[in-house]
Amino acid sequence: MDEFYDTHEAVRKLDEIIRGRRKTSNAANGVYQLIELNLDSLSVSQEGVRGAWFLCYNSEDTGHEAAYIRVQGIITSKLLPPVSRPENFNQMKKARPHMRQAVTLSGLGSKEFQVAVANVEKVYLHFYNRLPEGTLLPMDLGHESGDATLDLACRYFTHKNATFGQTQEVISSLVDPEGVLASLCDADFLYTANNIVDYKARTIQENGTVRYEDCSPAMFKVGDIVEATVVFACLPTKEKQFRMTFLLKALTQLNTDERNSAAILRMRSRFPNFNRNTVRKRKPTYVDDEEVHEARDRFCQMRIDAE
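Under the working numbering, the first residue of the sequence shown carries the number 235, and numbering increases by one thereafter.
Right, dumping it as structure tokens:
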């Protein structure tokens, strides 16, 4: 953020949005708001013998399923699609295990966001009390300008040994318009359901109807107020321990007002003598045209004769 971004107004809008989202949980479908999260009905479950642990709800149809947690915040940094084709394609192939789409959210001082962060700490304790003693690493929340941040990410690819039966998925053209990610998929690294992140934009119609439409990840900018859907997971490390992380599942653009206003002010700042109240008169299209002068002279003569 810079001096053109109205942090105070952005925080006010964020608090208002979070308060409005408090009662929009859908526990029957495993969707919860972080600001209102009640852990009494949630459990933790491990995937496989040595796999990751997940925060889960009990589904009547499939048993334990990963709970989807929604959190609202302001984007302070991002690394989102689309991915451009590099000059050294082989080097990018080697980087596939580490390639990810990521976003960092902050409240920039929002009290409602601070409540959400406190609930993240409760989730950590929920895992801590259930995982084997000494296996869960301390939680390391990010900080920016004194405010806590949440780092959310999802890998682009899954190694064949960690797919747990999942197969290759079609990559949306909104996410991969140049086909770069698709060209990186092979028998060893797959783009599975666990690698999909849904990107949405909220629009409000003239009649007040709210719609959520698929959009390009390129639409998301620093300063946007967004809602992220995440899965809480404790992923295994090489040292046979676990680290709690936030797996990004969806990102929804809610409000871009302050980001857009800042962009305009930033642009105007390049012209220090700019005066928004100045109204410029329209110049004649053909200033030196003889017919224009002749017509003007005749018009003036008509006015004199009329008087």
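Note that the Cβ used here is the ideal one computed from N, Cα and C, for glycine as well.
Do the CB positions of residue 458 and residue 308 come within less than 9 angstroms of each other?
-> Yes, the Cβ-Cβ distance between residue 458 and residue 308 is below 9 angstroms.
So who's on the other strand from residue 340, going by DSSP bridges?
-> Checking the DSSP bridge columns, you'll see residue 340 partnered with 308, 383.
Which value, in whole angstroms, describes the spacing of the CA atoms of residue 285 and residue 338?
-> One C-alpha to the other measures close to 26 angstroms.
Which of helix, strand or coil does DSSP assign to residue 348?
-> Here residue 348 carries a helix assignment [DSSP, helix/strand/coil].
If you follow the alpha helix (DSSP H) that residue 445 is part of, which residue opens it and which one closes it?
-> Note, residue 445: premise wrong, no alpha helix (DSSP H); beta strand (DSSP E) at 444-448.
Using the rule of at least 16 other Cβ atoms within 10 Å of the residue's Cβ for burial, across every protein chain shown, is residue 313 buried or exposed?
-> Around the beta carbon of residue 313, a 10 Å sphere encloses fewer than 16 other beta carbons of the protein chains shown; the residue is thus reported as exposed.
Contacts around residue 299, its chain only, beta-carbon distance under 7 angstroms, and the 5 residues preceding and following it disregarded | For residue 299, the CB contacts under 7 angstroms within the same chain, skipping 5 residues up- and downstream, are 264, 290, 291, 293 in chain order.
Terminal residues of the continuous beta strand (DSSP E) containing residue 269?
-> Membership of residue 269 in any beta strand (DSSP E) is not indicated, and neither H nor E is assigned to it by DSSP.
Residue nearest to residue 434 in terms of C-alpha spacing, selected from 462, 251, 389 = Selected option, being the one with the closest Cα: 462.
Could you pull out every residue in the same chain whose Cβ sits closer than 8 angstroms to the Cβ of residue 365, ignoring the five residues on either side in sequence?
-> Excluding the 5 residues flanking it on each side, residue 365 has same chain C-beta neighbours closer than 8 angstroms at 278, 287, 468, 476, in chain order.
Where the alpha helix (DSSP H) containing residue 285 begins and where it ends = Neither: residue 285 is in no alpha helix (DSSP H) and is coded neither H nor E.
How would you label residue 372, buried or exposed, when you count the other beta carbons within 10 angstroms and need 16 or more for buried?
-> Around the CB of residue 372, fewer than 16 other CB atoms lie within 10 Å, so the residue is classed as exposed.
Look at the alpha carbon of residue 360 and the alpha carbon of residue 479, and state the distance between them as a whole number of angstroms.
-> The straight-line gap from Cα to Cα measures roughly 14 angstroms.
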